[in-house]
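S.K.: Numbering (the UniProt record's numbering), first residue to last: 1 to 81.
For every residue, glycine included, the Cβ atom is placed at its ideal position computed from N, Cα and C.
The structure that follows is given in the form of structure tokens.
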């Protein structure tokens, strides 16, 4: 797993948490065919954070370690990257 966990709410961020955790750890953000794609080295901890930021949408970790935000659907999304 890249990077540390997020600090507790009553503690300050350190440079490692800022550099690795979503969304501040995103190397770039793109909009491709209506899907938000955040490039970086993320893991399931970041996916959970993104799901809270985008409730009702499908948030997936792609093969490159990026996070994709897809619209709600009954079928699983197909990651772009």
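1. Buried or exposed: residue 52, going by 16 or more other Cβ atoms within 10 Å of its Cβ?
2. I need the boundaries of the beta strand (DSSP E) containing residue 29, first residue and last residue.
3. Have a look at residue 44 and residue 61 and give me their C-alpha separation to the nearest angstrom.
4. Among the candidates 12, 32, 33, 4, whose CA atom is the shortest distance from the CA of residue 19?
5. Residue 11 by DSSP, collapsed to three states: which one?
6. Closer than 6 Å by C-beta to residue 54: which residues in its own chain qualify, once you throw out the five before and the five after it? Chain order, please.
M.R.: According to the data block:
1. exposed
2. 28–32
3. 7 Å
4. 4
5. coil
6. 69
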